[in-house]
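Working notes for the structure below.
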Amino acid sequence: AAPYGLGYVPGPWMQSIQVSKGISSVKNGYEAITGQINVEFKKPQLPEADWVSANLFASTTNRYEANADATLKLSKRWSTSLLAHYENETKAHDGNDDGFVDIPQVEQYNVWNRWAYMGDHYVFQAGFKALSETRSSGQSTHGDMYSGELYKVGIDTERYELFTKNAYIFDKEKNTNLALILSTSWHNQDAMYGRKLYNVDQTNTYASLMFETEFNPQNSFSAGLSFNYDAYDQHYRLENTTDNPLKAFEKEAVPGAYVQYTLNLNDKWMVMAGLRGDYSNEHGFFVTPRAHLKYNPNDYVNFRLSAGKGYRTNHVLAENNYLLSSSRKVEIAKNLDMEEAWNYGASVSTYIPIFGKTLNVNAEYYYTDFLKQVIVDMDSNPHEVAFYNLDGRSYSHVFQVEASYPFFKGFTLTGAYRLTDAKTTYKGERMEKPLTSKYKGLLTASYQTPLGIWQFDATLQQNGGGRMPTPYEQGDGQLSWERRYGSFEQLSLQVTRYFRRWSIYVGGENLTNFKQKNPIIDAANPWGNNFDSTMIWGPVHGAKGYIGIRFNLARNSE
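Everything in the sequence shown is counted per our numbering, starting at 2 for the first residue and increasing by one.
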């Protein structure tokens, strides 16, 4: 599911999003080397939960969406909700006339049923989610000069998730509780890239038993046990042939335990230190230390420091199967390491009173240093992608600053700038990580009229340039692609009109209409040795508009 990220999370289902940068708490596991994103879905037990809400959406690219959710309070303790989502990108677009569609045609069904029981001492939640999606892309026409079999990309996905959370609260005043989280998922994917195949059935099971207590307002403690199991049943063909697919089965079981201590000195100094140990049947025993420090000298500024280690098992085909959409030969080394890295972070947040309002300024810096890493090498041989263990240094420096200020009632302006220096050693040569922008700028403006009837939002993004994978020289002496790509801007706008029980919104994305020229290498010969559709660093489709309508029936209107 990782390559599609939030594509599996319908926006109207979200309650909120929390972003944890740098290293996270040991209770969240040994992974999350550079941060975590937690998406909170709508919860039926919340007092503000809508009774019924719906969202309909349509865009100029012939994309249609329908979302609906309903919440039912069965009793004082029990509640349930049903969330449903349907989307369909109905039309194939080929704006640059290279014979390949610019936007995959995607049809997705997604439903989720959630239950909650909120007792005085016992809390229970459970949910079941089912997703079915088909993606089709590739050649739509041959053009004027070429014929033969069309190059097609098709990905069919069936995904099912089941979870339950149980907590027993022994002492509310001291926050003493014991919690058990259980979850399992089944992800079945059949992917075709021309004649290359990657069909995989992934099973994941996760369990976490957590105990927390506060000895006093200054000292708190948590400890827990965890277990994670991953299995990948894979059938793949890495060349454009009709040979029978190869088979591979990978499985990893990782039991672990952690302890964490938090010291809080009058909310001025806060220290959180944790240590966990885990045992992988594939990689053996490993230890994960992590620490966080927060200092609030006054109401106007606070400082944070973090340091810790993280580990991750890399499943190269599952995470990089999109690279099969090229003529590159795939080379996978044996005995790939578990990735291991240190992450160090520092940030400062300031709240500066100016003209009776507060200017928020945040600055942060994170450094990630890989001790072990699986390298994705598209540089050593432009006609090959190789996966092998790091031999040398690999690191990233990330600096970001952002500021936000409410200039007048209802209007807020936010600006942000991020600078990234990521380098990796490729067979003895340290180079910038390819297809990674050196910098990114963001400017957002939001205005809501005094009565809250109209809202206007605008976002301008500045995407910096970066390095391309090493090109090759063609027969006429020209390079297959440029060594670097340049910066580009994107503008998005949205206007929303609110009514008592519903609202309507109209907007546009990529209104600067920037499009990467010739994104597919040798698009006229997809079965040849030079074809590559993975050298994409910018938008392929230009400006698009959309319109939507939201409807909600609140509980107090029943």
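Glycine included, each C-beta is placed from N, C-alpha and C at the ideal position.
Around the beta carbon of Q19, a 10 Å sphere encloses fewer than 16 other beta carbons of the protein chains shown; the residue is thus reported as exposed. Under DSSP, A254 forms a beta bridge with Y230.
When DSSP assignments are scanned along the stretch 438-464, the uninterrupted stretches of beta strand (DSSP E) that are 3 or more residues long and fall wholly within it turn out to be 440-449, 455-464.
8 angstroms or more divides the Cβ of Y233 from the Cβ of T206.
According to the DSSP secondary-structure assignment, V260 is paired through a beta bridge with A224, L276. For secondary structure counted as the beta strand (DSSP E) over 3 or more consecutive residues, the stretch 341-428 holds these complete runs in sequence order: 358-373, 375-378, 385-390, 395-409, 412-427. Its chain contains K373, N390 as the residues whose beta carbon lies nearer than 6 angstroms to that of D338, once the 5 sequence neighbours on both sides are disregarded; these appear in chain order. By alpha-carbon distance to G149, the top candidate from Q140, Q463, H188 is Q140. Close CB contacts of D191 within its chain, under the 7 angstroms cut and outside five residues either way in sequence, are with D157, N200 (chain order).
The beta carbon of G546 is closer than 6 angstroms to those of T61, G509 in its chain, skipping five residues each way along the sequence. The bridge partners DSSP lists for N189 are E159, D202.
Less than 8 angstroms separates the beta-carbon of E253 from that of E283.
Distance from the CA of G195 to the CA of G539, rounded to the nearest whole angstrom, comes to 23 angstroms.
For K130, the secondary structure class from DSSP, reduced to helix, strand or coil, is strand. Residues Y301, V302, V362 of the same chain have their beta carbon placed closer than 7 angstroms to that of T351, with the five preceding and five following residues left out of the count. No residue range can be given for V541, since it is assigned to no beta strand (DSSP E) and is classified by DSSP as neither H nor E. The stretch 62-73 makes contact with the stretch 35-50, as at least three CB pairs between them are under 8 angstroms. According to the DSSP assignment, E320 belongs to the alpha helix (DSSP H) that extends over 317-321.
Fully contained in the stretch 26-83 are the following beta strand (DSSP E) runs of length 3 or more, in chain order: 36-42, 53-60, 64-74. One thing to note: P256 has its Cβ within 8 angstroms of the Cβ of F228. Taking 8 angstroms as the cut-off, the beta carbon of L461 is found no closer than this to the beta carbon of Y406.
Bridge partners of M119 according to DSSP: V124. The alpha carbon of V260 has as its nearest neighbour, out of A127, D244, A292, the alpha carbon of A292. Between the beta-carbon of G6 and that of H542 there is about 19 angstroms, and that puts the pair past the 8 angstroms contact cut. In the DSSP assignment, P105 falls outside any beta strand (DSSP E), carrying neither H nor E. Between the stretch 79-86 and the stretch 112-120, the count of C-beta pairs closer than 8 angstroms reaches three or more; the two stretches touch. Straight-line measurement puts the Cα of E320 at about 7 angstroms from the Cα of P4. Between N39 and K166, the alpha-carbon positions lie close to 16 angstroms from each other.
Residue range 302-313 is occupied by the beta strand (DSSP E) that includes A308. Residue pairing from DSSP places S137 in a beta bridge opposite Q106, G155.
For G12, the three-state secondary structure derived from DSSP is helix. Boundaries for Q517: no beta strand (DSSP E) harbours it, and the DSSP string shows neither H nor E there. Spanning the alpha carbons of L324 and L306 requires a straight line of approximately 37 angstroms.
About 36 angstroms separates the beta carbon of Y65 from that of E32, a gap too long to meet the 8 angstroms contact definition. Counting of Cβ neighbours within 10 angstroms places G357 among the exposed residues, the total staying below 16.
For the set D458, M193, K173, F164, the Cα lying nearest the Cα of L181 is the one of F164.
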